[in-house]
Structures are given as C-alpha cells and as structure tokens.
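As structure tokens, then:
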C-alpha cells in the first residue's frame with residue numbers, strides 16, 4: 022500500500038464519521054420520532070421524564086458495566102448485588118430506627134461500602150484467581166442472591182419506620198428545578214464516568230487492558246490494580262442505583278434486581294462498547310439504557326405488540342445492535 | 005516452455021488506493037520465481053490474487069493458457085494453486101493431523117478415519133524431512149514445526165503451483181535449509197514455486213528468476229544469474245543500499261551499566277551471566293527457542309525468575325515492566341502485534357501508553373501534549389501514516405516497529421532491549437532502524453539486540469553473546485564476528501555441517 026508521510030497539523034482528519042459511536046444516538050432519535058408518530062401522548066415532557074427516570078437504575082449500573090466490559094471483563098452479579106445491597110441497607114435502617122438525616126446518611130454509607138466490597142471481591146477473584154469473569158460473577162451472582170433471600174427469610178425486607186420513609190422519599194420522587202432526582206444522579210454518574218474513562222490515565226489503562234492485556238502488561242500498566250478497580254466502580258454504581266431505588270418501593274425482595282445484569286449489558290452493548298473490550302462509550306451506554314426504556318414505553322403506549330413481550334423486544338435489540346456493530350467493523 | 009500461470013496487466017485498488025498497477029508475470033513449471041519488494045510494495049496482494057483469495061480490479065489470469073477467473077481460494081486450490089501463508093493459521097488446540105486435514109477430513113462410513121489420516125500426515129511430514137508426531141497438539145509445537153505443519157497442509161492437495169509468503173521469517177538457519185531442500189524437491193517434480201521473501205541472500209540461493217515490485221509497480225523481472233543481493237536491494241528501494249549498516253559508535257569501554265549473574269528463568273534459561281557497558285550495542289544470537297526472549301522477559305519482570313541483577317552496581321529486581329521502566333530498562337517485544345502495540349487503537353494512544361505518567365496532571369491526561377508527542381514521534385522516527393487518526397494495526401510492519409520504538413523511547417531509557425528489531429520489516433526501514441540503534445549508543449545509552457539474523461548482529465553489534473538450549477554458550481568480540489562463529493556456537497556445528505544435517509546426511 023502506498024503510504025505518504027503526513028506531517029501536517031491534524032487537518033482534514035474528520036471526513037469519515039464513526040458510525041459505531043453515532044449509531045446509538047441515531048437509534049434514539051429514530052425511536053423518539055417513531056413514538057411521536059404512534060401516540061401523541063408520547064412526546065410530552067412528563068412522559069419523557071418518566072421514561073428517563075425509570076431508566077436511571079439500569080443506566081447507573083450500566084455506566085459501571087461500561088468500565089468492566091471495555092476493560093475486557095464482565096459482571097453478571099449486578100442484579101443480585103443490587104438486591105443484597107438494598108436488603109442490607111434497609112435492615113441497617115430498621116435497626117437504627119429513628120428518623121433523622123444522620124441515620125439515612127449512615128445507611129447510605131453502608132450501602133456504598135457494601136457495594137464497593139462486593140465489587141472488590143469480584144475483582145480480586147478475577148485478577149488473583151485468574152478465573153474467567155463470566156464464571157466468577159456467575160458464582161457471586163448466586164451467592165448475593167441467596168444471601169438476600171436468607172436475610173429476608175424468603176420474604177420481603179421492608180423499611181418499617183414511616184417517618185424515615187417520608188424523609189427518604191425525595192431521593193426518588195423529588196425534583197430539583199423540575200428535573201427528577203434520579204435523572205440528576207444518573208447524569209452526574211455518567212459525567213463522572215465519562216471524565217474517568219476518557220480523561221484520566223486510569224481510563225486509558227482500562228481501554229488498553231481491554232484492547233490487549235499483554236500489550237498493557239509489556240507497557241508497564243498495573244493490570245491487577247486497574248482491572249480490580251473496574252469491578253469496584255461497578256459495585257459503587259450498583260450501590261448508587263440502590264440509593265435511588267430503595268425509596269421507590271421501600272423494600273427489597275428476593276426478586277429485586279432480577280435480570281438487571283442483562284439489561285445493563287444490553288445498554289452497554291447497544292451503546293457501542295465492544296463486548297470483547299477495548300472500546301468504551303459512556304454516553305452511548307446512557308443512550309442504550311434510555312433506548313431500552315423507550316422501547317418498553319412505546320410498546321405500552323401502542324397496541325401493536327403485547328407489553329408482555331417487552332423482554333423479547335429488548336432481547337432482539339441486543340442482537341440487532343451486535344449485527345449493526347459487526348457491519349461497521351467490516352467496513353473499517 | 006509454456007507457462008503454467010500467466011498474469012497480464014493485473015491491478016488492484018482498495019477504495020481509492022491503488023495497491024497494484026499493471027503487473028505482468030509468468031510462471032514456468034519447475035522454476036522458483038521470487039517476488040521481492042519492500043513492505044507495502046504489493047507482494048502479498050499479488051500473491052493473494054494469484055491464489056484466488058482476492059479478485060483483481062483489472063487484468064487477466066491465464067492457467068495453462070486458458071483465461072481463468074477464480075471465485076475463491078477453494079477453486080484456485082482445486083486447480084492446483086496453493087498458498088502457504090505468512091502467518092501461522094492453525095488451530096492450536098487441535099492435533100497436527102486434525103489441522104492438516106481440517107475442512108477436508110477423510111471419512112469412512114461417515115466417520116472420520118483417523119488411522120488413514122494419521123498415515124497420510126506422517127508420510128507428508130516425512131517427505132518434508134520431519135518426524136513430528138501427528139497426534140501432538142499444535143500448541144506444544146515450536147513455531148518452526150508449526151510452519152512445517154502448515155506447509156504439509158498446503159502440500160496435501162495435488163499442487164502444480166505453490167506460493168510461499170515469507171516462509172523463513174520464523175525459521176532458524178537449519179530449518180530454513182530443510183525448507184530449501186523441500187523447495188528444490190518441488191522444483192525437480194516440475195512444480196512452479198512462487199517465493200516471497202525479505203531475505204535477499206535466500207532469494208539468491210534458491211530462486212531462478214526474480215520479479216521486483218516497488219510501490220505496487222513492476223520494477224524488474226530478471227533471471228538470477230548476475231543479480232546480486234545488493235542489486236536486488238537497489239531495485240527494491242530505488243536507491244543505493246550498499247551502506248545498510250551505520251558505523252559502529254565508539255564504546256566508552258569499561259563502565260559497566262548492567263551486570264547479570266546466574267540468572268534463571270524456570271523452564272527456559274539456566275544460570276545466564278553477562279555484562280553490558282555504557283554506549284555498547286550487545287547482540288544476543290542463537291536459534292529460536294534458545295531462551296533469549298525468555299531471558300530478557302525475565303529480566304524486566306515479565307516472567308518469574310531468579311538470580312542476581314545489578315544496575316550500575318546496585319542490586320535490582322523487577323516484579324513487573326513498570327518497575328523496570330522506572331529503573332530505565334525497556335524491553336521491546338519481538339511480538340509487535342501481540343505484545344507491543346494496541347492494534348485496535350489509534351497512534352496517539354499507543355505512543356504514550358508506556359509513558360502515560362508524563363502526560364498527566366492530577367491523573368488527567370493532557371491531550372494536546374500527547375498530540376505534540378505524536379507529532380514528534382512521526383517526525384523523529386519517520387512513521388508513515390496515511391492518516392493521523394488511523395489505527396496502529398493499519399500501519400505496515402516497518403512503521404509499526406518505528407511506532408513501538410517511539411513509544412518506548414518516551415520513557416527515556418538507559419538500557420534498551422530490542423527483540424528482533426527488523427522482523428517483518430522492509431530493507432529501507434531496516435536501514436533507518438539500524439541507524440537509530442547506533443544513535444542510541446552514541447547518546448550513551450546501552451542497547452541489547454536480540455536477533456536471528458546473523459548479518460544484523462555482525463553489522464550492528466560491538467559484541468555478540470550466543471545462547472543455546474537456555475544457556476549462554478559463548479561470547480564473540482567485534483574482531484571475531486562472523487556467521488560461522490555464531491552458527492557454531494548456536495548449533496554446536498559449523499555452517500556447512502548445518503546444511504548437511506538439514507539435507508539428511510548423518
């Protein structure tokens with residue numbers, strides 16, 4: 022191939038658009054347009070805010086999953102972890118009993134620490150045990166899930182103090198300047214995640230490890246530290262999602278967070294992050310999470326497909342997203 | 005004589021880029037036809053067109069005088085044209101025989117007939133002068149043996165034209181000799197052999213005719229008589245190549261930078277001891293598998309190891325590459341694609357990866373300083389990239405090596421260990437890399453060059469240490485450097501004997 026030296030300034034470099042990066046946003050716009058055509062109630066501020074609010078849990082978890090997946094890992098335990106963290110947090114709050122902000126702060130701190138520890142456990146087993154993350158997190162998924170069932174004695178863990186519930190309520194139902202709190206939390210998490218992944222050396226190292234672990238090792242990247250940290254970030258994101266989730270229902274059950282891992286992974290992949298690692302897209306993940314919720318919303322608002330088939334449609338979306346990514350890869 | 009394969013005015017474009025233009029070539033039965041050219045000259049593309057892997061954008065192919073349009077490699081293979089790929093394309097977890105027959109298994113009553121396939125595999129391998137057990141897993145074979153398995157796989161089908169794409173890149177001299185014996189045998193059978201290589205001495209030894217490509221164009225088509233390697237290089241590069249190696253910089257003898265004593269890497273290296281001086285270029289010779297790569301991977305903390313290591317007299321021990329880099333020791337892997345560069349990532353990310361600390365403030369990466377570093381790397385190392393935002397994997401082999409050099413030099417190392425600096429690199433780039441290595445020594449850095457190309461060690465190094473079977477077996481001073489001396493130490497036999505051994509004489 023004829024190669025000519027290119028020594029000029031970075032000019033004339035953006036003539037080819039990166040379709041892989043853009044496709045989730047295009048899909049989002051198409052979906053919004055489709056929704057608007059199908060039902061006039063769709064394109065209202067209240068409906069759209071509702072959709073984004075509902076997507077917040079998955080989006081927050083999926084931001085963490087973006088780190089794990091773009092670093093070449095996988096975390097299947099997030100749904101069970103969410104249930105465990107929620108259950109433990111409610112139990113702590115019930116123990117404390119009194120309804121003042123310091124109790125709530127302590128409960129939240131416990132949730133964050135527990136989430137980080139769960140992530141740390143996943144990370145350490147993956148890095149030091151040299152076991153496939155799929156297997157490790159499949160195992161911890163079962164462990165976390167059965168721990169929450171055990172804590173709940175098979176039933177429901179409910180936040181008993183109604184004053185405390187009232188105090189906590191705004192974390193899900195409150196608004197700041199008309200924007201629901203979950204959306205603000207979700208945007209903050211995504212923004213921090215984007216800075217971390219795109220602007221820091223840690224983020225660079227995550228991508229390097231996901232791209233080729235050997236090259237990273239030969240380049241002096243501290244593999245185990247970076248990889249473990251991605252799982253810790255995932256755990257923290259799960260805990261943050263739980264902080265917003267608990268006031269919604271005020272309880273944790275054995276089915277809390279069921280299949281969230283699939284939704285989170287779907288959001289990440291639909292967003293353009295490579296499942297084999299090396300490419301990470303935080304804002305794509307955000308778009309992916311909203312797409313999943315939008316699809317459900319449109320299905321409820323329209324009468325084309327039974328809303329009981331939401332899972333099937335979401336499953337189809339991840340497959341289509343992979344096919345689209347594949348076709349762009351070939352074009353490169 | 006009637007040609008068996010004739011290509012007329014072949015051209016190939018990828019998008020808007022013309023990779024081949026107006027190439028004509030004819031191939032006689034019973035001749036070895038070498039195709040040479042720099043990396044990116046279009047040799048591999050031409051080979052892929054001739055063997056049906058690619059369709060030409062223009063021009064025609066004639067097989068036995070009949071116009072042919074191959075729809076794919078399967079059809080070309082059915083017509084007797086086989087290609088031995090440059091890369092090893094084998095399934096590592098399957099056995100030798102399973103690989104040899106992959107996709108064309110022999111069956112009996114609908115079940116695979118392992119016994120028949122085992123016998124056939126053994127026979128084909130024996131013809132190639134090899135006694136590899138057909139039931140061994142490919143994973144356990146050396147690179148050279150894998151290459152042989154790949155050749156066996158290609159030769160299994162009835163063949164009239166065999167194309168070898170840089171077959172000796174991973175072979176030791178002894179193994180290369182046996183490959184030449186195979187090629188000569190094919191020639192006497194009336195098979196036409198297409199042979200692509202960077203190694204011009206090999207081409208001189210084996211080829212009957214030479215076609216030279218430069219920038220996708222045909223430069224020359226000559227018989228081998230009277231065509232010397234130096235002239236071939238001149239044709240390939242388009243300028244005089246008589247000064248491939250730079251002058252060796254004068255060493256500041258005496259001051260020892262690195263001393264290694266009784267250094268072992270379990271399973272690969274036993275009790276290696278040597279010293280490296282300031283401003284010195286120290287070569288490490290030996291056959292592939294002699295433990296050179298493993299020794300230095302152990303040294304920089306990439307493998308578990310034991311033994312004593314002193315830098316300027318201070319004991320040191322590295323647990324990972326980062327610690328070695330902090331002490332001023334860098335290792336450039338021979339496996340550029342697998343261990344050196346992130347092929348899926350852009351040049352900027354690659355060039356700063358190892359020295360990222362220098363480009364961060366409060367852990368935030370400073371993008372504009374990275375861009376400046378890339379500019380500098382592209383300028384200083386003459387990295388030729390079509391676009392600035394292209395991926396490392398889209399660069400040619402030579403430019404990848406320059407990018408890897410640029411990446412590691414950002415650490416400003418005192419000791420530079422380069423493993424196979426010119427593997428898969430064209431001759432023009434080689435010259436640049438040699439000059440660069442000499443400059444490193446002139447700057448007072450110390451360089452270790454691990455190479456399987458003896459000419460390179462002789463032309464470049466002040467001193468050459470030779471390893472065999474995981475041990476250091478000798479050291480050759482500058483005045484005594486010769487191919488024969490290196491081969492003798494590396495194999496325990498003299499070069500003529502090596503050829504004889506390969507040819508099957510006891």
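Chains as they are written, first to last, in the numbering used here: chain A, 22 to 353; chain B, 5 to 510.
In this text, a Cβ means the ideal position worked out from N, Cα and C, and glycines have one as well.
- chain A contacts made by the region 424-441 of chain B, where a contact means CB separation under 8 Å: none
- Listed by chain order, chain B residues near residue 299 of chain A by CB distance under 8 Å: 346, 348 and 349
- Task: Determine the burial state of residue 280 of chain A: buried for a count of at least 16 other Cβ atoms within 10 Å of its Cβ, exposed for fewer.
- Result: exposed
- Query: What residues in the region 224-243 of chain A bring their beta carbon closer than 9 Å to a beta carbon of chain B?
  - Reply: 224, 225, 226, 228, 229, 232, 233, 235, 236, 237, 238, 239, 240, 241, 242 and 243
- Start and end of the alpha helix (DSSP H) containing residue 372 of chain B? 371-384
- Within the 7 Å Cβ cut-off, does residue 252 of chain B reach chain A? no
- Item | Buried versus exposed, by CB contacts within 10 Å (16 or more), residue 435 of chain B | buried
- Item | Of the residues B:367, B:381, B:262 and B:324, the one placed nearest residue 352 of chain B, counting alpha carbons only | B:381
- Message: Give me the chain B residues within the contact set of residue 221 of chain A, using Cβ-Cβ distance strictly less than 7 Å, ordered along the chain.
- Response: 367, 368 and 369
- Item | Closest residue to residue 66 of chain B among B:76, B:54 and B:77 (Cα-Cα distance) | B:54
- Could you say which of A:215, A:338 and A:135 lies nearest to residue 317 of chain A if we only look at CA atoms? A:338
- Query: Given a threshold of 16 other Cβ atoms within 10 Å of its Cβ, counted over all protein chains shown, does residue 233 of chain A qualify as buried or as exposed?
  - Reply: buried
- Query: Run through DSSP, which three-state label would residue 140 of chain A get?
  - Reply: helix
- Query: Where DSSP assigns a beta bridge to residue 265 of chain B, which residues make up the other side?
  - Reply: B:312
- Spell out whether any CB of chain C is found under 7 Å from the CB atom of residue 119 of chain B. Judged by its chain identifiers, the structure shown contains no chain C, and its protein chains are A and B.
- Item | Limits of the alpha helix (DSSP H) - the one that residue 103 of chain B falls within | 100-104
- Task: Starting from residue 30 of chain B, follow the beta strand (DSSP E) in both directions and report where the run begins and ends.
- Result: 21-31
- Do the CB positions of residue 521 of chain B and residue 239 of chain B come within less than 7 Å of each other? The structure shown does not extend to residue 521 of chain B, since chain B is modelled only from 5 to 510, so the question has no answer here.
- Message: Let me check one thing: in DSSP terms, what residues is residue 16 of chain B bridge-paired to?
- Response: B:24
- Task: Specify the secondary structure class of residue 136 of chain B as computed by DSSP and reduced to three states.
- Result: coil
- For residue 36 of chain B, I'd like the list of residues in its chain whose CB is within less than 7 Å of its CB, leaving aside the five on either flank, ordered along the chain. 187, 191, 197, 199, 210, 211 and 212
- Query: Taking Cβ positions, are residue 283 of chain B and residue 445 of chain B nearer each other than 7 Å?
  - Reply: yes
- Can you give the beta carbon distance from residue 266 of chain A to residue 78 of chain A, rounded, assuming they're within the 8 Å contact cut? 5 Å
- Option in B:42, B:455, B:131 and B:136 with minimal Cα separation from residue 296 of chain B: B:455
- Query: Helix, strand or coil: which one does DSSP assign to residue 7 of chain B?
  - Reply: coil
- Message: Whether or not the region 316-335 of chain A and the region 21-36 of chain B are in contact is what I'm after, with contact meaning three or more pairs of Cβ atoms, one per stretch, closer than 8 Å; do they touch?
- Response: no
- What residue from B:252, B:310, B:253 and B:315 has the CA that sits closest to residue 279 of chain B's CA? B:315
- Message: Below 8 Å, how does it come out for the region 107-116 of chain B and the region 140-151 of chain B: are there three or more Cβ pairs, yes or no?
- Response: no
- Query: Where DSSP assigns a beta bridge to residue 184 of chain A, which residues make up the other side?
  - Reply: For residue 184 of chain A, which the question treats as bridged, DSSP gives no partner whatsoever.
- Message: Buried or exposed, going by whether 16 or more other CB atoms sit within 10 Å of the CB of residue 368 of chain B?
- Response: exposed
- Message: Below 8 Å on the Cβ atoms is my contact criterion, and I expect residue 7 of chain B with residue 15 of chain B to pass it. Report the Cβ-Cβ distance as a whole number of Å.
- Response: The Cβ separation is near 20 Å, so there is no contact.
- Evaluate the contact criterion for the region 402-418 of chain B versus the region 427-441 of chain B: three or more CB pairs, one atom per stretch, below 8 Å. yes
- Message: Is residue 357 of chain B close to chain A? Criterion is C-beta to C-beta, closer than 7 Å.
- Response: yes
- Per DSSP, the bridge partner or partners of residue 475 of chain B: B:472
- What are the boundary residues of the alpha helix (DSSP H) that residue 163 of chain A is part of? 154-172
- Message: Between residue 364 of chain B and chain A, is any beta-carbon pair separated by less than 7 Å?
- Response: yes
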